[in-house]
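Number of protein chains: 2
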Amino acid sequence: MATTYDLLILGGGPGGFDAAVEAAGSGLKTALVEAAELGGACLNRGCIPTKLWLGATDAVDELAAQAKMRVATGSVDIDFPALQARKDKYIAATRKAMGMRLAQLGVDLVAGLGRVTDPGNVEVLTADGPKTLNYRNLLLATGSRPGGFPGVIADGAKVLDSTGLLALAAMPKSLIVVGGGFIGLEMAQAAQRMGARITLVDALPRLAGAEDPEVSKVLESVFKRQGWDLRLGVKVASVKTRGEQAVLVLDSSVGGGEELEADCALIAVGRRPNTADLGLEALGATLTGAGYIQTDANLLAAPGVFAVGDVNGRMLLAHAASHQAHYVVERLLGHTARPYASGPVPSILYGAPEVFRAGIMAEEAKALGSSVLVSRAQLIANPIAQAHAATAGFVKCVWRDGKIAGITAVGAGVSRLACFATLIIQQGWTREDASGFMFPHPTLDESLKAALLADKEAV
Amino acid sequence: MATTYDLLILGGGPGGFDAAVEAAGSGLKTALVEAAELGGACLNRGCIPTKLWLGATDAVDELAAQAKMRVATGSVDIDFPALQARKDKYIAATRKAMGMRLAQLGVDLVAGLGRVTDPGNVEVLTADGPKTLNYRNLLLATGSRPGGFPGVIADGAKVLDSTGLLALAAMPKSLIVVGGGFIGLEMAQAAQRMGARITLVDALPRLAGAEDPEVSKVLESVFKRQGWDLRLGVKVASVKTRGEQAVLVLDSSVGGGEELEADCALIAVGRRPNTADLGLEALGATLTGAGYIQTDANLLAAPGVFAVGDVNGRMLLAHAASHQAHYVVERLLGHTARPYASGPVPSILYGAPEVFRAGIMAEEAKALGSSVLVSRAQLIANPIAQAHAATAGFVKCVWRDGKIAGITAVGAGVSRLACFATLIIQQGWTREDASGFMFPHPTLDESLKAALLADKEAV
Numbered sequence: 010m011a012t013t014y015d016l017l018i019l020g021g022g023p024g025g026f027d028a029a030v031e032a033a034g035s036g037l038k039t040a041l042v043e044a045a046e047l048g049g050a051c052l053n054r055g056c057i058p059t060k061l062w063l064g065a066t067d068a069v070d071e072l073a074a075q076a077k078m079r080v081a082t083g084s085v086d087i088d089f090p091a092l093q094a095r096k097d098k099y100i101a102a103t104r105k106a107m108g109m110r111l112a113q114l115g116v117d118l119v120a121g122l123g124r125v126t127d128p129g130n131v132e133v134l135t136a137d138g139p140k141t142l143n144y145r146n147l148l149l150a151t152g153s154r155p156g157g158f159p160g161v162i163a164d165g166a167k168v169l170d171s172t173g174l175l176a177l178a179a180m181p182k183s184l185i186v187v188g189g190g191f192i193g194l195e196m197a198q199a200a201q202r203m204g205a206r207i208t209l210v211d212a213l214p215r216l217a218g219a220e221d222p223e224v225s226k227v228l229e230s231v232f233k234r235q236g237w238d239l240r241l242g243v244k245v246a247s248v249k250t251r252g253e254q255a256v257l258v259l260d261s262s263v264g265g266g267e268e269l270e271a272d273c274a275l276i277a278v279g280r281r282p283n284t285a286d287l288g289l290e291a292l293g294a295t296l297t298g299a300g301y302i303q304t305d306a307n308l309l310a311a312p313g314v315f316a317v318g319d320v321n322g323r324m325l326l327a328h329a330a331s332h333q334a335h336y337v338v339e340r341l342l343g344h345t346a347r348p349y350a351s352g353p354v355p356s357i358l359y360g361a362p363e364v365f366r367a368g369i370m371a372e373e374a375k376a377l378g379s380s381v382l383v384s385r386a387q388l389i390a391n392p393i394a395q396a397h398a399a400t401a402g403f404v405k406c407v408w409r410d411g412k413i414a415g416i417t418a419v420g421a422g423v424s425r426l427a428c429f430a431t432l433i434i435q436q437g438w439t440r441e442d443a444s445g446f447m448f449p450h451p452t453l454d455e456s457l458k459a460a461l462l463a464d465k466e467a468v
Numbered sequence: 010m011a012t013t014y015d016l017l018i019l020g021g022g023p024g025g026f027d028a029a030v031e032a033a034g035s036g037l038k039t040a041l042v043e044a045a046e047l048g049g050a051c052l053n054r055g056c057i058p059t060k061l062w063l064g065a066t067d068a069v070d071e072l073a074a075q076a077k078m079r080v081a082t083g084s085v086d087i088d089f090p091a092l093q094a095r096k097d098k099y100i101a102a103t104r105k106a107m108g109m110r111l112a113q114l115g116v117d118l119v120a121g122l123g124r125v126t127d128p129g130n131v132e133v134l135t136a137d138g139p140k141t142l143n144y145r146n147l148l149l150a151t152g153s154r155p156g157g158f159p160g161v162i163a164d165g166a167k168v169l170d171s172t173g174l175l176a177l178a179a180m181p182k183s184l185i186v187v188g189g190g191f192i193g194l195e196m197a198q199a200a201q202r203m204g205a206r207i208t209l210v211d212a213l214p215r216l217a218g219a220e221d222p223e224v225s226k227v228l229e230s231v232f233k234r235q236g237w238d239l240r241l242g243v244k245v246a247s248v249k250t251r252g253e254q255a256v257l258v259l260d261s262s263v264g265g266g267e268e269l270e271a272d273c274a275l276i277a278v279g280r281r282p283n284t285a286d287l288g289l290e291a292l293g294a295t296l297t298g299a300g301y302i303q304t305d306a307n308l309l310a311a312p313g314v315f316a317v318g319d320v321n322g323r324m325l326l327a328h329a330a331s332h333q334a335h336y337v338v339e340r341l342l343g344h345t346a347r348p349y350a351s352g353p354v355p356s357i358l359y360g361a362p363e364v365f366r367a368g369i370m371a372e373e374a375k376a377l378g379s380s381v382l383v384s385r386a387q388l389i390a391n392p393i394a395q396a397h398a399a400t401a402g403f404v405k406c407v408w409r410d411g412k413i414a415g416i417t418a419v420g421a422g423v424s425r426l427a428c429f430a431t432l433i434i435q436q437g438w439t440r441e442d443a444s445g446f447m448f449p450h451p452t453l454d455e456s457l458k459a460a461l462l463a464d465k466e467a468v
């Protein structure tokens with residue numbers, strides 16, 4: 010008789026993997042189906058390799074900042090093939106460790122593409138042919154992949170998506186980046202530190218368009234000073250490979266049909282959910298928007314079928330996926346019957362400057378007709394920002410009914426505020442709570458303290 | 010008729026300055042007496058200049074870490090006179106801003122040495138002669154200065170205390186550091202990054218003797234690999250200037266009378282309270298230990314006389330002083346009548362590695378007969394530690410009755426855990442609290458999550 014799994018998971022990225030570990034660790038009979046590699050986009054083609062690039066090149070930026078103050082001289086040269094080899098080795102070792110963890114916990118790992126044939130049954134196309142798995146509960150965690158739009162699609166030659174850029178054997182001397190969101194900005198920074206001249210194009214009139222407009226202003230000013238050619242508020246007609254170059258043509262209605270050339274182009278215009286051929290129609294699950302799986306308040310896509318992570322479109326962040334996965338397992342174990350509540354979700358842009366955000370932003374509150382106040386502190390007043398000669402940026406707090414409801418920050422190292430800021434938003438701290446807390450001195454964290462205690466202003 | 014101040018403050022360091030700002034901002038008639046410079050040891054001769062040195066030289070360490078992985082090559086040279094000029098300029102500007110803030114708030118700043126003549130009256134020796142000030146409440150915040158012991162005292166020639174080292178015009182090529190506490194370790198790291206060969210001597214058998222012994226082990230291993238000559242568990246007979254060199258003689262009963270020579274020696278063997286000539290006898294205040302002002306549960310040294318910061322010997326940390334100052338003003342304003350409660354006090358060693366600690370440590374609990382469990386995570390498993398090629402170190406949690414009671418960490422960048430860790434200790438989080446919190450991915454903070462969720466072991 011075939012095993013019926015308590016939990017069958019499609020997708021071994023952060024959401025699927027964490028769910029498998031927690032479910033199996035709690036005694037649920039668990040299987041995980043993965044068509045490609047454990048770790049998903051985050052480990053193999055996203056967050057992790059990008060952070061390895063940025064971490065490895067941090068000295069370039071630290072030196073540049075001190076050199077500008079005439080305190081240091083020197084040079085830092087990155088051996089790109091060596092960095093790529095180190096990255097690939099680290100990722101492979103992590104995948105291996107993940108596989109061993111699943112094996113230790115008794116999770117059945119099935120390699121292949123899974124598809125629901127009817128409720129309770131999934132067919133996996135394995136290397137040894139199709140295999141049917143039975144489940145009591147199903148978790149869809151199939152993630153997302155880089156997106157594009159007509160005329161602006163990676164061709165794998167000189168026009169690349171994030172996956173293609175991370176796989177390069179040599180860093181191009183010039184790079185066109187289409188998309189000024191977090192993915193584009195992190196990759197552009199890393200590429201520049203390794204010698205690439207950056208041209209960045211976005212249809213929005215500002216960088217990091219999802220962030221507070223004041224954050225965008227700091228980013229634009231820092232990157233312009235670093236020599237980036239920023240083309241904001243322009244429309245791209247096409248990006249194509251022409252011989253050994255990538256050629257971007259701006260829409261003639263806006264940009265006058267101007268052509269931009271570079272050794273390479275990166276298309277970083279968002280991501281698309283992996284929902285094709287999952288057999289969702291057999292489950293009665295619904296797709297919304299760009300193809301995301303619709304979930305109810307309990308993360309259910311259909312009876313006994315949960316969807317977590319990028320694929321449900323709630324929040325395309327690895328830790329959001331993990332948090333949702335934890336909820337699903339808690340629910341299966343009967344530890345909670347309440348609807349899923351994410352609380353404030355932190356998001357981070359790495360590099361220099363960094364950006365951090367959690368909770369509601371002033372503009373969002375305004376758009377919702379919610380009355381908020383804001384308070385701010387500039388990093389230039391902070392001794393640690395001064396020590397790193399990286400004083401551009403600020404911390405901004407959003408208050409609603411006397412309680413902290415949102416925090417954003419931009420500047421070198423501000424990601425360190427993330428956990429604490431997220432927690433105090435979750436707990437709805439008042440200014441008095443903040444003034445009674447002992448912030449260690451001297452720390453960049455004191456810029457958050459200063460922002461929390463600064464005078465509140467209307468938006 | 011002479012003004013009677015609601016609050017008269019002796020000492021303009023972090024405790025005294027913050028008290029003045031908060032008191033005057035709340036409408037109390039306030040005066041601040043400062044014999045030397047606003048900002049105290051922290052700004053002028055301690056935390057801040059040391060952090061400016063460490064921040065400015067950060068690229069040296071980041072590059073070295075990547076070079077060891079063969080991912081980067083290059084060199085970073087610090088222009089020490091330029092760095093010193095920048096440091097002095099920043100400190101002077103900060104002092105000026107502090108003075109302006111006091112003036113704005115209507116605080117009377119009196120330059121000179123203050124001395125209590127009888128309860129209610131302080132005589133200040135100003136440049137224009139003695140001046141008497143009357144108070145209703147007095148705050149003693151006179152701080153501390155570098156210590157020494159017979160034979161091991163800064164002579165200002167080649168044997169320096171921290172103040173002397175920070176004032177140097179040229180960085181010595183070799184430096185003997187007497188004292189393996191936080192001050193010695195931060196200064197030694199900065200000096201090494203600027204080319205000094207380090208010999209560090211301590212009577213204790215391990216570095217950072219106040220920390221968890223496992224923390225000491227990581228520090229010793231990292232600094233040994235960096236080429237430091239560590240002489241631990243040895244006694245110093247004397248340190249003297251001999252011609253152009255500093256000469257340290259080890260006690261013959263332990264170290265065989267061996268002589269160590271270097272261009273300079275730093276004496277970093279703790280600090281001494283500034284309590285001489287304050288006229289404390291007129292108040293009936295009591296000194297304890299090495300001369301610290303004894304305070305009761307309400308930080309009172311005598312009726313109407315509070316003492317905060319280094320001078321009360323509770324915790325020689327700037328943020329502890331500021332926190333105590335906040336309490337004193339809250340008390341004067343009638344906002345609290347409860348005894349002072351510090352909560353867990355975070356402490357940080359900067360450099361690479363960093364050390365963070367808050368709450369109770371396993372060995373302390375054991376010594377108190379308190380039953381605790383510990384859980385750990387190694388930084389090598391963290392992708393951000395990997396990205397910076399700085400994987401030595403760990404996060405260690407101490408649990409009492411199922412609640413988190415202490416956290417310590419050692420490794421590159423672990424100071425970023427400080428605020429969040431301090432708060433969750435204060436709130437007594439359980440493991441379930443930790444597993445429900447959304448730690449952003451990927452962050453070094455996830456090493457704290459891993460430690461919080463790891464199996465607990467007996468000590």
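Top line first, the protein sequences correspond to chains A and B.
Residue numbers for the first sequence follow the numbering used here, so the first one is 10 and each next one is one higher.
Residue numbers for the second sequence follow the numbering used here, so the first one is 10 and each next one is one higher.
For every residue, glycine included, the Cβ atom is placed at its ideal position computed from N, Cα and C.
From a predicted model like this one, the values you see are computed outputs, not experimental measurements.
{"Check": "Could you name the residues of chain A that Val404(B) contacts, counting a contact when the two beta carbons are closer than 8 Å?", "Outcome": "Under the 8 Å cutoff, chain A gives no residues; its nearest Cβ is about 13 Å from Val404(B)."}
{"Check": "At what residues does the beta strand (DSSP E) containing Pro362(A) begin and finish?", "Outcome": "No beta strand (DSSP E) contains Pro362(A), which DSSP labels as neither H nor E."}
{"Check": "Closer than 8 Å by beta-carbon distance: list the chain B residues that pair up with Gly352(A), in chain order.", "Outcome": "Met447"}
{"Check": "Which bits of chain B does Asp86(A) rub up against, with CB to CB less than 8 Å?", "Outcome": "Ala81, Thr82, Gly83"}
{"Check": "Step through the CB atoms of chain B and report whether any lies within less than 8 Å of the CB of Leu349(A).", "Outcome": "Note that residue 349(A) is Tyr in the sequence shown, not Leu. No, Tyr349(A) lies away from the interface with chain B (no Cβ there is under 8 Å from its Cβ)."}
{"Check": "If distances are taken between C-alpha atoms only, which option among Glu268(B), Leu241(B), Cys273(B) comes closest to Tyr164(B)?", "Outcome": "A small fix is needed here, since residue 164(B) is Asp in this sequence, not Tyr. Of the listed residues, the one whose Cα sits closest to Asp164(B) is Cys273(B)."}
{"Check": "Whether or not the region 370-386 of chain A and the region 36-49 of chain B are in contact is what I'm after, with contact meaning three or more pairs of Cβ atoms, one per stretch, closer than 8 Å; do they touch?", "Outcome": "no"}
{"Check": "Go ahead and pull the three-state DSSP assignment for Trp408(B).", "Outcome": "strand"}
{"Check": "With DSSP as the reference, label Leu477(B) as helix, strand or coil.", "Outcome": "Coverage of chain B is limited to positions 10 through 468, which leaves residue 477(B) absent and any answer about it impossible."}
{"Check": "For Val210(A) versus Arg234(A), is the C-beta distance shorter than 8 Å?", "Outcome": "no"}
{"Check": "Quick one: give me the first and last residue of the alpha helix (DSSP H) that Ala28(B) is part of.", "Outcome": "23-34"}
{"Check": "Between the Cα of Leu177(B) and those of Met203(B), Arg154(B), Gly188(B), Pro159(B), spot the shortest distance and give me the residue it belongs to.", "Outcome": "Met203(B)"}
{"Check": "Determine whether the Cβ of Pro392(B) lies closer than 8 Å to any Cβ atom of chain A.", "Outcome": "yes"}
{"Check": "Using a Cβ cut-off of 9 Å, which residues of the region 95-128 of chain A contact any Cβ in chain E, in chain order?", "Outcome": "No chain E appears in the structure shown, which is made up of the protein chains A and B."}
{"Check": "For Gly24(B) and Glu43(B), which I take to be in contact (beta-carbon distance under 8 Å), what is that distance rounded to the nearest angstrom?", "Outcome": "Wrong, their Cβ atoms sit about 12 Å apart, outside the cutoff."}
{"Check": "Measuring CB atoms only, is the region 303-314 of chain B touching the region 404-414 of chain A, in the sense that at least three cross pairs come out at less than 8 Å?", "Outcome": "no"}
{"Check": "Of all the residues that make up the region 42-60 of chain B, which are near chain A by a beta-carbon distance shorter than 8 Å?", "Outcome": "Cys51, Cys56, Ile57, Lys60"}
{"Check": "Going by alpha carbons, who is nearest to Val243(A) out of Glu253(A), Leu228(A), Leu269(A)?", "Outcome": "Leu269(A)"}
{"Check": "Does the Cβ of Gln395(B) have 16 or more other Cβ atoms within 10 Å, making it buried, or fewer, making it exposed?", "Outcome": "buried"}
{"Check": "Would you say Phe429(B) lies against chain A (beta-carbon separation less than 8 Å)?", "Outcome": "yes"}
{"Check": "State yes or no: is the beta carbon of Gln254(B) nearer than 8 Å to at least one beta carbon in chain A?", "Outcome": "no"}
{"Check": "If you measure beta-carbon to beta-carbon, which residues of the region 407-419 of chain B are closer than 8 Å to chain A?", "Outcome": "none"}
{"Check": "Name the two residues that bound the continuous beta strand (DSSP E) containing Lys4(B).", "Outcome": "Outside the shown range of chain B, which is 10 to 468, sits residue 4(B), and nothing can be said about it."}
{"Check": "First and last residue of the alpha helix (DSSP H) that includes Ser444(A)?", "Outcome": "440-445"}
{"Check": "Which whole runs of the beta strand (DSSP E) in the region 233-276 of chain B are 3 residues long or more, in chain order?", "Outcome": "238-241, 245-251, 254-259, 268-271, 273-276"}
{"Check": "So the alpha helix (DSSP H) Gly288(A) belongs to, where does it begin and stop?", "Outcome": "It is not in any alpha helix (DSSP H) - Gly288(A) carries neither H nor E in the DSSP assignment."}
{"Check": "Grab me the residues of Asp170(A)'s own chain with a C-beta within less than 6 Å of its C-beta, minus the 5 sequence neighbours each way, in chain order.", "Outcome": "Pro155, Ala163, Ile276"}
{"Check": "Going by the CB atoms, is the gap between Ala150(A) and Val30(A) shorter than 8 Å?", "Outcome": "no"}
{"Check": "Give the single residue among Leu122(B), Lys98(B), Pro355(B) whose Cα lies nearest to the Cα of Pro139(B).", "Outcome": "Leu122(B)"}
{"Check": "Using a C-beta to C-beta distance shorter than 9 Å, which residues of chain B count as neighbours of Met370(A)?", "Outcome": "None at all; the shortest Cβ gap to chain B is about 17 Å."}
{"Check": "Out of curiosity, what's the CA-to-CA distance linking Val248(B) and Asp238(B)?", "Outcome": "17 Å"}
{"Check": "Indicate the three-state DSSP secondary structure (helix, strand or coil) for Asn53(B) in the structure shown.", "Outcome": "helix"}
{"Check": "Note down, in chain order, every chain B residue with its Cβ under 7 Å from the Cβ of Met78(A).", "Outcome": "Arg95"}
{"Check": "I'd like to know if Ala205(B) contacts chain A, where contact means its C-beta is closer than 8 Å to some C-beta of that chain.", "Outcome": "no"}
{"Check": "Skipping 5 residues on each side, what residues in its chain have a beta carbon closer than 6 Å to that of Leu147(B)?", "Outcome": "Leu17, Val314"}
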